[in-house]
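Chemist: Here you go, one structure.
2 protein chains.
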Amino acid sequence: MTLGERKIISLIYDIIGDSLSSLLPFNDDAVAIEIGDKVLVINTDMFVRKTDAPQGMSSRQIGQKVIVMNVSDLAAKGATPVGFLSALGFPSDFIKNDIEELLYGFKEACSLYRVPYLGGDTNEADDLVITGIALGVTNTDELISRAKAQEGDIVCVTGIFGKTAAGFKILLDNLECPEHLRDEFIETIFHPQARLDEGIALAKSRIPTASIDSSDGLAWSLYEIAQASNIGIEINKLPIDLSVEEFARINHLDPFDLCFYGGEEFELIVTIPAKKIVHASAALNAVKGQLIPIGRIVKAKGLFYIEGGKKREIFPRGYEHFTKH
Amino acid sequence: MTLGERKIISLIYDIIGDSLSSLLPFNDDAVAIEIGDKVLVINTDMFVRKTDAPQGMSSRQIGQKVIVMNVSDLAAKGATPVGFLSALGFPSDFIKNDIEELLYGFKEACSLYRVPYLGGDTNEADDLVITGIALGVTNTDELISRAKAQEGDIVCVTGIFGKTAAGFKILLDNLECPEHLRDEFIETIFHPQARLDEGIALAKSRIPTASIDSSDGLAWSLYEIAQASNIGIEINKLPIDLSVEEFARINHLDPFDLCFYGGEEFELIVTIPAKKIVHASAALNAVKGQLIPIGRIVKAKGLFYIEGGKKREIFPRGYEHFTKH
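Protein chains in written order, with our numbering: chain X, 8 to 332; chain C, 8 to 332.
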């Protein structure tokens with residue numbers, strides 16, 4: 008494979024860009040079109056077992072995760088799910104029990120996020136390939152792109168980062184971890200959750216200027232907002248848990264890396280006009296969510312973390328298929 | 008692989024059936040939901056190169072065919088396309104030029120069928136895997152399922168069958184064929200076409216009681232209508248071209264087999280109340296299509312071809328992944 012995922016995306020833009028018809032900018036979390044007086048938001052994610060399933064993830068957990076990945080993008084756009092479809096490619100080693108477990112995973116997660124399962128297609132493939140397709144609806148004035156963050160807006164997240172990165176360090180690099188934290192970190196990998204109620208509540212408040220989910224990692228997602236909105240970002244607080252800091256200390260890791268350069272996390276990152284931060288926070292609290300301010304949108308391009316008056320660059324690195332192999 | 012595609016489909020029904028939410032019956036050509044005062048029709052098809060691409064099909068032709076497969080199902084439901092998405096899994100041997108060709112194939116076919124390209128996802132996979140997702144809209148009273156064929160209805164098709172089957176016999180089994188027919192037959196494999204204008208015209212006429220596309224072969228598609236509508240079908244005319252009969256004669260094949268047991272053909276099969284056949288035909292002629300009556304819906308279950316007073320059973324055989332390998 009000579010091309011990375013992001014190069015392929017720009018190839019798509021070069022060739023089909025002039026006829027793209029989404030209400031959202033190219034390469035946003037999802038696409039959107041008007042249907043009657045509603046806005047339909049559609050997201051598709053392809054899950055390939057070899058690339059995307061951590062060792063030890065069960066078929067049921069894969070089923071659940073595919074729903075979470077797709078619902079998370081609807082959440083970032085503030086859309087209420089109205090349906091889910093799947094196109095399933097099964098390899099020859101995938102037995103009846105695996106298929107049943109996968110379907111129960113779908114069923115459980117669809118029920119959790121109130122997404123009606125609609126149907127789909129099946130085929131034969133060399134590896135387990137699951138294309139999830141999530142459909143959601145919203146209204147024109149509630150659709151949030153990633154491209155309208157404004158200078159002075161507060162950058163907020165809906166939860167903390169780093170547990171998933173710590174979990175991968177434990178699973179893949181066999182790093183040390185106190186038992187009581189180990190389970191908690193690994194749980195975030197095998198049972199991710201989408202911030203659906205939070206995304207819908209934020210959209211209904213009509214307050215956020217931009218929104219993205221963090222599935223490609225915090226650093227990369229901030230970079231995407233900055234690029235799309237043509238602004239810069241200064242982070243002044245690491246959205247990280249004490250437990251992740253403890254894990255970092257034990258293993259001589261930099262908490263900064265665990266926080267920014269993870270991935271497979273499904274928090275929302277939103278930008279909020281400064282004087283509306285109290286309202287946005289109240290909207291989230293009403294659905295038992297939390298809005299954590301971590302920085303600010305600035306005019307000068309670039310991503311920086313300001314700590315004790317020192318500027319540290321946040322590089323646009325993140326979880327990417329292809330090139331990391 | 009121990010399970011065939013149709014067994015997997017019934018497994019899906021067993022596990023998720025109670026929560027299915029489509030306006031169309033389970034396992035129809037597409038799914039449908041209400042969005043405001045419109046009906047959104049969604050179809051997804053997964054194309055896997057190893058299983059689905061005939062030897063010699065170019066990346067550009069694959070791109071075009073994926074659009075045709077998906078649009079054809081919208082056509083069968085009478086929906087006007089409003090968008091197309093793709094989830095693309097690229098193998099390591101797929102170079103930049105292949106990707107470009109595939110995208111140009113998308114672009115050309117999207118333009119031909121007036122389908123706006125919206126976006127999608129990319130990933131890494133062992134084989135080229137393309138999930139196409141087509142979105143269309145229609146109105147509640149114009150949506151055609153495959154489940155409402157009535158006794159006495161005339162079974163009609165929008166074109167003839169057998170050229171594709173003949174093409175595959177030439178390509179795969181190296182059968183004899185006069186040069187002037189060879190190109191024509193093989194063309195139907197590499198450049199299939201969807202009957203979109205025909206499907207929309209039929210839906211707008213509100214005349215058909217049932218509709219399906221014939222991508223799984225004429226016999227299997229008739230069987231699907233019969234099963235879903237709980238009726239039987241008697242065919243009294245083979246919808247076949249003289250050229251296919253000539254090919255059958257040269258190679259000592261039964262034209263019946265070429266006509267019924269092919270696949271990868273994209274004609275529509277519709278059932279029309281007998282007294283409305285002239286109106287339906289006029290609706291098709293208005294878009295330069297043709298309505299070819301080939302038989303009749305009967306009360307007694309079963310599929311038969313009546314020829315010179317003799318009944319010959321049409322078996323529910325067709326193109327299926329998995330079990331044919």
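Glycine residues also receive a C-beta, built at the ideal position from the N, C-alpha and C atoms.
How many whole angstroms separate the CB atoms of Ala208/X and Ala290/X, which I take to be in contact at a CB cut-off of 8 Å?
Modeler: As a first step, residue 208/X is located in the first sequence; it is residue number 201 there, counting from the start. As a first step, residue 290/X is located in the first sequence; it is residue number 283 there, counting from the start. Right, the Cβ-Cβ distance comes to about 5 Å (below 8 Å), so this counts as a contact.
Chemist: Check whether the Cβ of Gly224/X lies closer than 8 Å to any Cβ atom in chain C.
Modeler: Within the first sequence, the letter at position 217 stands for residue 224/X. Not closer than 8 Å to any Cβ of chain C, the Cβ of Gly224/X fails to qualify, so no.
Chemist: Residues bridged to Lys45/X by DSSP?
Modeler: Residue 45/X sits at position 38 when you count from the first residue of the first sequence. DSSP, once it has assigned bridges, lists Ile42/X as partnering Lys45/X.
Chemist: Taking 8 Å as the CB-CB cut-off, is Val55/C touching chain X?
Modeler: The residue given as residue 55/C occupies position 48 in the second sequence. It does; some Cβ of chain X falls within 8 Å.
Chemist: How about Phe91/C and Val122/C: do their beta carbons lie closer than 8 Å?
Modeler: Locating residue 91/C in the second sequence gives position 84, where the first residue counts as 1. Locating residue 122/C in the second sequence gives position 115, where the first residue counts as 1. Closer than 8 Å, so yes.
Chemist: Less than 8 Å separating the beta-carbons of Ile167/C and Ile247/C?
Modeler: The residue given as residue 167/C occupies position 160 in the second sequence. The residue given as residue 247/C occupies position 240 in the second sequence. It is a contact, given that the beta carbons lie within the stated cut-off.
Chemist: For Ser163/C, list the residues DSSP reports as bridge partners.
Modeler: For the purposes of this step, residue 163/C is taken as the residue at position 156 of the second sequence. Note on residue identity: the sequence assigns Cys, not Ser, to residue 163/C. Paired residue(s): Val277/C and Pro300/C.
Chemist: Label Glu320/X either buried or exposed according to how many other C-beta atoms from any shown protein chain fall within 10 Å of its C-beta, with 16 as the threshold for buried.
Modeler: Against the first sequence, residue 320/X aligns to sequence position 313. Exposed, because fewer than 16 other Cβ atoms sit within 10 Å of the Cβ of Glu320/X.
Chemist: Could you spell out where the alpha helix (DSSP H) holding Val294/C opens and where it closes?
Modeler: For this step, residue 294/C is matched to residue 287 along the second sequence. No alpha helix (DSSP H) contains Val294/C, which DSSP labels as neither H nor E.
Chemist: Figure out for me which residue from Thr165/C, Ser29/C, Phe97/C and Gln62/C has the closest Cα to the Cα of Ile219/C.
Modeler: In the second sequence, the residue the question calls residue 219/C occupies position 212. Among Thr165/C, Ser29/C, Phe97/C and Gln62/C, the Cα nearest to that of Ile219/C belongs to Thr165/C.
Chemist: Would you identify the three-state DSSP class for Arg56/X, choosing helix, strand or coil?
Modeler: As a working mapping, residue 56/X is identified with position 49 in the first sequence. Arg56/X: helix per DSSP, three-state reduction.
Chemist: First and last residue of the beta strand (DSSP E) that includes Ile69/C?
Modeler: As a working note, residue 69/C is residue 62 in the second sequence. Not the beta strand (DSSP E): Ile69/C falls in the alpha helix (DSSP H), residues Ser66 to Ala83.
Chemist: Nearest CA to the CA of Thr145/X: which residue from Asp52/X, Gly127/X, Lys84/X and Leu245/X?
Modeler: Within the first sequence, the letter at position 138 stands for residue 145/X. The shortest Cα separation from Thr145/X among Asp52/X, Gly127/X, Lys84/X and Leu245/X belongs to Lys84/X.
Chemist: If you draw a straight line from the C-alpha of Asp25/X to the C-alpha of Glu183/C, how long is it?
Modeler: Numbered from 1 along the first sequence, position 18 holds the residue referred to as residue 25/X. Numbered from 1 along the second sequence, position 176 holds the residue referred to as residue 183/C. If I take the Cα positions, the gap works out to 45 Å.
Chemist: Roughly how many whole angstroms lie between the Cα atoms of Glu327/C and Glu12/C?
Modeler: Counting from 1 along the second sequence, the entry for residue 327/C is found at position 320. Counting from 1 along the second sequence, the entry for residue 12/C is found at position 5. In this prediction, Glu327/C has a pLDDT of 48, which is less than 50 and means its spatial position is unreliable; what the coordinates show is noted afterwards. Cα to Cα, the separation comes out at about 7 Å.
Chemist: Out of curiosity, what's the CA-to-CA distance linking Leu18/C and Glu107/X?
Modeler: Mapped onto the second sequence, residue 18/C falls at position 11. Mapped onto the first sequence, residue 107/X falls at position 100. So the alpha carbons of these two residues sit roughly 7 Å apart.
Chemist: Have a look at Ala132/X, Gly169/X and Ala217/X and flag the residue whose alpha-carbon is nearest the alpha-carbon of Asp261/X.
Modeler: Residue 261/X sits at position 254 when you count from the first residue of the first sequence. The shortest C-alpha separation from Asp261/X is found at Gly169/X.
Chemist: Locate the beta strand (DSSP E) running through Ser218/X, then write down its first and last residues.
Modeler: If you number the first sequence from 1, residue 218/X lands on position 211. Per DSSP, Ser218/X belongs to the beta strand (DSSP E) from Ala217 to Asp220.
Chemist: Does Asp44/C pass the burial test, meaning 16 or more other C-beta atoms within 10 Å, or should it be called exposed?
Modeler: Here residue 44/C refers to the residue found at position 37 when the second sequence is read from its first residue. With fewer than 16 Cβ atoms within 10 Å of its Cβ, Asp44/C is classed as exposed.
Chemist: For Val38/X, I'd like the list of residues in its chain whose CB is within less than 7 Å of its CB, leaving aside the five on either flank, ordered along the chain.
Modeler: Translated into positions along the first sequence, residue 38/X becomes position 31. Here the set comprises Ser29, Leu31 and Ile49.
Chemist: Assuming contact is defined by CB atoms lying nearer than 8 Å, are Glu271/C and Thr171/C in contact in what I supplied?
Modeler: Residue 271/C sits at position 264 when you count from the first residue of the second sequence. Residue 171/C sits at position 164 when you count from the first residue of the second sequence. Yes, they are a contact pair.
Chemist: Output the distance between the C-alpha atoms of Ile313/C and Ile240/C, rounded to the nearest integer angstrom.
Modeler: For the purposes of this step, residue 313/C is identified with residue 306 of the second sequence, where counting begins at 1. For the purposes of this step, residue 240/C is identified with residue 233 of the second sequence, where counting begins at 1. Cα-Cα distance, rounded: 10 Å.
Chemist: Is there a Cβ of chain C sitting closer than 8 Å to that of Asn130/X, yes or no?
Modeler: The residue you call residue 130/X lines up with position 123 of the first sequence. Chain C contact via Cβ: present.
Chemist: Taking the straight line between their C-alpha atoms, what separation do you get for Lys331/C and Phe33/X?
Modeler: By 1-based counting over the second sequence, the position of residue 331/C is 324. By 1-based counting over the first sequence, the position of residue 33/X is 26. Residue confidence is low: Lys331/C scores 34 on pLDDT, short of 50, so the model does not pin down where it sits. Its coordinate-derived value is still stated next. Distance between the alpha carbons of Lys331/C and Phe33/X: 40 Å.
Chemist: Could you compute how far the alpha carbon of Leu150/C sits from the alpha carbon of Glu41/C?
Modeler: As a position in the second sequence, residue 150/C is number 143, starting the count at 1. As a position in the second sequence, residue 41/C is number 34, starting the count at 1. One C-alpha to the other measures close to 11 Å.
Chemist: Name the two residues that bound the continuous beta strand (DSSP E) containing Ile140/C.
Modeler: Here residue 140/C refers to the residue found at position 133 when the second sequence is read from its first residue. Note, Ile140/C: beta strand (DSSP E), Val136 to Thr145.
Chemist: Within 10 Å of its beta-carbon, does Phe322/X have 16 or more other beta-carbons around it, so buried, or fewer, so exposed?
Modeler: Counting from 1 along the first sequence, the entry for residue 322/X is found at position 315. Exposed is the call here.
Chemist: Which same chain residues end up closer than 6 Å to Lys244/C when comparing Cβ atoms and leaving out the 5 residues on each side of it in sequence?
Modeler: Counting from one through the second sequence, the residue named residue 244/C turns up at place 237. So the list reads Ile301, once near-sequence residues are dropped.
Chemist: Looking at the secondary structure, which residues open and close the beta strand (DSSP E) in which Arg319/X lies?
Modeler: Here residue 319/X refers to the residue found at position 312 when the first sequence is read from its first residue. Where Arg319/X is concerned, the enclosing beta strand (DSSP E) stretches over Lys317 to Glu320.
Chemist: Does the beta carbon of Leu27/C come closer than 8 Å to any beta carbon on chain X?
Modeler: Here residue 27/C corresponds to residue number 20 of the second sequence, with the count starting at 1. With 8 Å as the cut-off, Leu27/C counts as an interface residue toward chain X.
Chemist: With respect to the alpha helix (DSSP H) encompassing Ser17/C, which residues constitute its N-terminal and C-terminal limits?
Modeler: On the second sequence, residue 17/C is found 10 positions in, with the first residue counted as 1. Run containing Ser17/C: Glu12 to Ile23, per the alpha helix (DSSP H) assignment.
Chemist: Would you tell me roughly how many angstroms separate the C-alpha atoms of Gln200/X and Ala226/X, rounded to the nearest one?
Modeler: Taking the first residue of the first sequence as 1, we reach residue 200/X at position 193. Taking the first residue of the first sequence as 1, we reach residue 226/X at position 219. Their Cα atoms are separated by approximately 20 Å.
Chemist: So Leu178/X and Ile193/X are supposed to be a Cβ contact under 8 Å. How far apart are they, rounded?
Modeler: In the first sequence, residue 178/X corresponds to position 171, counting from 1. In the first sequence, residue 193/X corresponds to position 186, counting from 1. Between Ile193/X and Leu178/X the Cβ distance is about 7 Å, and since that is below 8 Å, they are a contact.
Chemist: Which residue's Cα is closest to the Cα of Glu205/X: Lys283/X, Ala173/X, Tyr124/X and Gly296/X?
Modeler: Along the first sequence, read from residue 1 onward, the residue named residue 205/X stands at position 198. Taking only the C-alpha atoms, the option nearest Glu205/X is Gly296/X.
Chemist: Classify Val122/X as helix, strand or coil using the three-state DSSP reduction.
Modeler: The residue you call residue 122/X lines up with position 115 of the first sequence. Three-state DSSP puts Val122/X in coil, outside helix and strand.
Chemist: In terms of residues, what are the limits of the alpha helix (DSSP H) holding Phe311/X?
Modeler: Mapped onto the first sequence, residue 311/X falls at position 304. Segment Gly309 to Glu314 is the beta strand (DSSP E) holding Phe311/X; no alpha helix (DSSP H) there.
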